[in-house]
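Taken in sequence, the protein lines are chains F and H.
Under my numbering, think of the first position of the first sequence as 128, with each following residue one higher.
Under my numbering, think of the first position of the second sequence as 2, with each following residue one higher.
In what follows, a structure is listed as structure tokens, so that the remarks can point back to it.
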Amino acid sequence: MKTLAKYAIPAAILCILPFLIDAAFGKTWVRIVDFALLYVMLALGLNIVVGFAGLLDLGYVAFFAVGAYLYALLASPHFGLHLPFWLVLPLGAFAAGLFGILLGAPTLRLRGDYLAIVTLGFGEIIRIFLNNLNAPYNITGGPQGIDLIDPVRLGPWSFGHSVYAYYFLFLFFVLFTAFVSTRLQHSRIGRAWIAIREDEIAAEAMGIDTRNVKLLAFAMGASFGGLSGGLFAGFEGFVSPESFNLMESVMILCMVVLGGMGHIRGVIFGAILLSVLPEALRYVGPLQQSVFGRIYIDPSSLRMLLFGLALILVMLMRPAGLWPSPTRKRELSAKGETARHENTNVYDAGR
Amino acid sequence: MSLLEVKDLHVSYDGIKAVRGLDITLAEGEIVSLVGSNGAGKSTTLRAICGITPFQSGKILIEGRDIRSIPPHLLVREGISLVPEGRGLFGRSTVEENLMMGAYSRRDAEIGKDLEKVYSLFPRLLERRKQPAGTLSGGEQQMVSLGRALMSRPRLLFLDEPSMGLAPIMVQKIFEIIRTIASTGMTILLVEQNAKVALSLCSRGYVMESGKIILSDSASSLLANPQVKAAYLGQ
Numbered sequence: 128m129k130t131l132a133k134y135a136i137p138a139a140i141l142c143i144l145p146f147l148i149d150a151a152f153g154k155t156w157v158r159i160v161d162f163a164l165l166y167v168m169l170a171l172g173l174n175i176v177v178g179f180a181g182l183l184d185l186g187y188v189a190f191f192a193v194g195a196y197l198y199a200l201l202a203s204p205h206f207g208l209h210l211p212f213w214l215v216l217p218l219g220a221f222a223a224g225l226f227g228i229l230l231g232a233p234t235l236r237l238r239g240d241y242l243a244i245v246t247l248g249f250g251e252i253i254r255i256f257l258n259n260l261n262a263p264y265n266i267t268g269g270p271q272g273i274d275l276i277d278p279v280r281l282g283p284w285s286f287g288h289s290v291y292a293y294y295f296l297f298l299f300f301v302l303f304t305a306f307v308s309t310r311l312q313h314s315r316i317g318r319a320w321i322a323i324r325e326d327e328i329a330a331e332a333m334g335i336d337t338r339n340v341k342l343l344a345f346a347m348g349a350s351f352g353g354l355s356g357g358l359f360a361g362f363e364g365f366v367s368p369e370s371f372n373l374m375e376s377v378m379i380l381c382m383v384v385l386g387g388m389g390h391i392r393g394v395i396f397g398a399i400l401l402s403v404l405p406e407a408l409r410y411v412g413p414l415q416q417s418v419f420g421r422i423y424i425d426p427s428s429l430r431m432l433l434f435g436l437a438l439i440l441v442m443l444m445r446p447a448g449l450w451p452s453p454t455r456k457r458e459l460s461a462k463g464e465t466a467r468h469e470n471t472n473v474y475d476a477g478r
Numbered sequence: 002m003s004l005l006e007v008k009d010l011h012v013s014y015d016g017i018k019a020v021r022g023l024d025i026t027l028a029e030g031e032i033v034s035l036v037g038s039n040g041a042g043k044s045t046t047l048r049a050i051c052g053i054t055p056f057q058s059g060k061i062l063i064e065g066r067d068i069r070s071i072p073p074h075l076l077v078r079e080g081i082s083l084v085p086e087g088r089g090l091f092g093r094s095t096v097e098e099n100l101m102m103g104a105y106s107r108r109d110a111e112i113g114k115d116l117e118k119v120y121s122l123f124p125r126l127l128e129r130r131k132q133p134a135g136t137l138s139g140g141e142q143q144m145v146s147l148g149r150a151l152m153s154r155p156r157l158l159f160l161d162e163p164s165m166g167l168a169p170i171m172v173q174k175i176f177e178i179i180r181t182i183a184s185t186g187m188t189i190l191l192v193e194q195n196a197k198v199a200l201s202l203c204s205r206g207y208v209m210e211s212g213k214i215i216l217s218d219s220a221s222s223l224l225a226n227p228q229v230k231a232a233y234l235g236q
């Protein structure tokens, strides 16, 4: 009975959520929620690399792009290919995973800021490639991107542009990603990732194959990015290099850090918050209009201002993230006690 | 046959020749210290034996078997265990998680039993088992590092500066524990700057300077050696 309540109630809420949102705020908001779900997948994928393995990746959006473009190339009139989504989607995840290894292999010895610079460069390289691969052969459509991508189709039934259908599809993949993440975290591999994050030399001395385990983190993280990229392409029906710029990578990283690095529930929370909140701020313009009769501050500039302010505040007040993992929280709260232990121990040692 | 034999080891990294022709042997059950001043190449020697730093030439044999071709992560299965310099704990993981990482390469059923053994050796760690290792005091952290190294059931234990950064009284405590571990028949190579404490614990010692062994003798003779006295014991 208890387990039923534990799973059935959230499941029921998640099932009726899009209809409630539609009734309350309109269809635009269901679309925003769909995007939030995509971001949750991206954030969970990046969390494997940054949160678990501690490898700072500033070019994560590249894997999203790989998944999206692969879907676009294989299921659109661009090449006249119309492969089914259940084939293209895993292919996209696989291709992104390969790109993950491609990025991981030469950067194995790098850490921290050096790794961040290389990954940043990698993200830009992918975007610039997509932007310029339209001559002499038009592969990616260049800056115009690829249009008229096939919507997701299950048998005879096409998802078309139904925000509801995509909601449930994305929800399924979010649950899948969260499930895999959770299982990974508590697995042998997950423990090895954490060990590498904390001390790489010690990890190696424990008998962890640091090279393979790191590559695996890049590949796993990237394939989740590729998966959500494919879903994005099918949902939007259009991809262009613009969607995969540096700001996107930074945004996804913010979701991970703000939510609580390494904590799956925290990361999900961060992703939802940061994808929904900027949309909500759009209403600040009309609000000013109705209250003051004119718009004093342009909502678009206010968005970034408030966003920056929120980030600074969170990092000051809750350095471990809004919803940190229990271990992390314990560690930060125990800091003050350490000194006291230190002193008592010196005396205890003499006993 | 000696358990560990290092022959004419040369290690350089970043263009520095840290170890230049080093020879060391360790018999089963022996506890030997490698002393020397800062920058003599002691830690580099340990890291090379453990496969963490690649070496240019020479031979490292375990029971007569060359381990050069064995990748570092598989050396643990050969019975090598390292307590790294600065302890190398997984700071955000709990004490118990740290200890369990020591058994990462093992798949047998006796891991739980060994965990209890470690706790009986370090009762303090049992009290703190659910606490993140990074929040422990220096001495407790060193205990975690030692316990973790024991969790892999090593035949050969390498200790890199276990006294570093500890209060003198804690140093005594840690060395008592090392003595206890040694009494179980463990083969130990102890690298220390604190030559006096290290040599008083060991049967034999090597003195290292500028990447070479300059003296090799029984611990008591080394402690009495005027050269050692002057350079390392401050007498």
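For every residue, glycine included, the Cβ atom is placed at its ideal position computed from N, Cα and C.
Since this is a predicted model, take the numbers as computed values, not measurements.
Item                                                                                                                                                                                          : Value
In whole angstroms, what is the alpha-carbon distance linking residue 423 of chain F and residue 330 of chain F?                                                                              : 56 Å
So, with DSSP's three-state summary, where would you put residue 462 of chain F?                                                                                                              : For residue 462 of chain F, the predicted structure reports a pLDDT of 48, less than 50, and the residue's modelled location is therefore unreliable. The matter cannot be settled from this model.
Does any residue of chain H bring its CB to less than 8 Å from the CB of residue 328 of chain F?                                                                                              : yes
Whose C-beta lies closer than 7 Å to the C-beta of residue 409 of chain F among residues of the same chain, with five residues either side of it excluded?                                    : 426
Under 8 Å Cβ to Cβ from residue 112 of chain H, same chain only, skipping five residues before and after it: list those, please.                                                              : 101, 104 and 152
What would DSSP say about residue 180 of chain F, mapped onto helix, strand or coil?                                                                                                          : coil
Only counting the same chain, and skipping five residues up and downstream in sequence, which positions put a Cβ closer than 7 Å to that of residue 93 of chain H?                            : 133 and 135
Kindly indicate which three-state DSSP category residue 266 of chain F falls into: helix, strand or coil?                                                                                     : coil
For residue 91 of chain H, decide whether its Cβ has a neighbour in chain F, counting only Cβ atoms nearer than 8 Å.                                                                          : yes
Assuming residue 254 of chain F is part of the alpha helix (DSSP H), what are its boundary residues?                                                                                          : 239-259
May I ask you to report which of helix, strand or coil DSSP gives residue 190 of chain F?                                                                                                     : helix
Using Cβ-Cβ distances below 8 Å, what residues of the stretch 299-323 of chain F are close to chain H?                                                                                        : 315, 318, 319, 321 and 322
Does the Cβ of residue 477 of chain F have 16 or more other Cβ atoms within 10 Å, making it buried, or fewer, making it exposed?                                                              : In this prediction, residue 477 of chain F scores a pLDDT of 38, lower than 50, which makes its location untrustworthy; no coordinate-derived value is stated.
Assess contact between the stretch 220-238 of chain F and the stretch 257-276 of chain F, defined as three or more Cβ pairs (one per stretch) separated by less than 8 Å. Is contact present? : no
Taking residue 173 of chain F and residue 443 of chain F to be in contact with their CB atoms under 8 Å, please state how far apart those CB atoms are, rounded to whole angstroms.           : Residue 173 of chain F to residue 443 of chain F, Cβ: 23 Å. No contact.
Check whether the Cβ atoms of residue 350 of chain F and residue 224 of chain F sit closer than 8 Å, and answer yes or no.                                                                    : yes
Buried or exposed: which applies to residue 137 of chain F, given that a residue is buried once 16 or more other Cβ atoms fall within 10 Å of its Cβ?                                         : exposed
Straight-line CA distance for residue 107 of chain F to residue 194 of chain F?                                                                                                               : An answer regarding residue 107 of chain F cannot be provided, because it is not within the stretch 128 to 478 covered by chain F.
Starting from residue 130 of chain F and walking both ways along the beta strand (DSSP E), at which residues does that stretch end?                                                           : Counting along the chain, residue 130 of chain F falls outside any beta strand (DSSP E), though it belongs to the alpha helix (DSSP H) covering 129-152.
Anything in chain F within Cβ reach of residue 103 of chain H, meaning under 8 Å, just list it in chain order.                                                                                : 333
Just verifying my parser: in three-state terms, what is the DSSP assignment at residue 161 of chain H?                                                                                        : strand
Please check if any C-beta of chain H sits within less than 8 Å of the C-beta of residue 465 of chain F.                                                                                      : Only weak support is given to the placement of residue 465 of chain F: the predicted model assigns it a pLDDT of 46, under 50, and the question is left unresolved by the model.
Confirm, please, whether the CB-CB distance from residue 42 of chain H to residue 186 of chain H is below 8 Å.                                                                                : no
Taking the continuous alpha helix (DSSP H) assigned at residue 330 of chain F, which residues delimit it?                                                                                     : 327-332
According to DSSP, residue 388 of chain F sits in a beta bridge with which residue or residues?                                                                                               : According to DSSP, which records beta bridges pairwise, residue 388 of chain F is partnered with nothing at all.
For a contact defined as C-beta to C-beta under 8 Å, what are the partners of residue 325 of chain F on chain H?                                                                              : 90, 91, 92, 93 and 94
Does the CB of residue 336 of chain F have a neighbour CB from chain H at under 8 Å?                                                                                                          : yes
Going by DSSP, name the residue or residues bridged to residue 18 of chain H.                                                                                                                 : H:13
Alpha carbon to alpha carbon, what distance is there between residue 314 of chain F and residue 302 of chain F?                                                                               : 18 Å
Evaluate residue 129 of chain H with the Cβ neighbour count: other Cβ atoms within 10 Å of its Cβ, from every protein chain shown; 16 or more gives buried, anything less gives exposed.      : buried
Taking the C-alpha atoms as reference points, what is the distance between residue 445 of chain F and residue 138 of chain H?                                                                 : 25 Å
I'd like to know whether the C-beta atoms of residue 167 of chain H and residue 140 of chain H end up nearer to each other than 8 Å.                                                          : yes
Work out the CA separation of residue 47 of chain H and residue 115 of chain H for me, nearest whole Å.                                                                                       : 25 Å
What are the start and end residues of the alpha helix (DSSP H) that includes residue 230 of chain H?                                                                                         : 227-233
Reducing DSSP to helix, strand and coil, say where residue 209 of chain F ends up.                                                                                                            : strand
If you reduce the DSSP assignment to three classes, tell me which class residue 399 of chain F lands in.                                                                                      : helix
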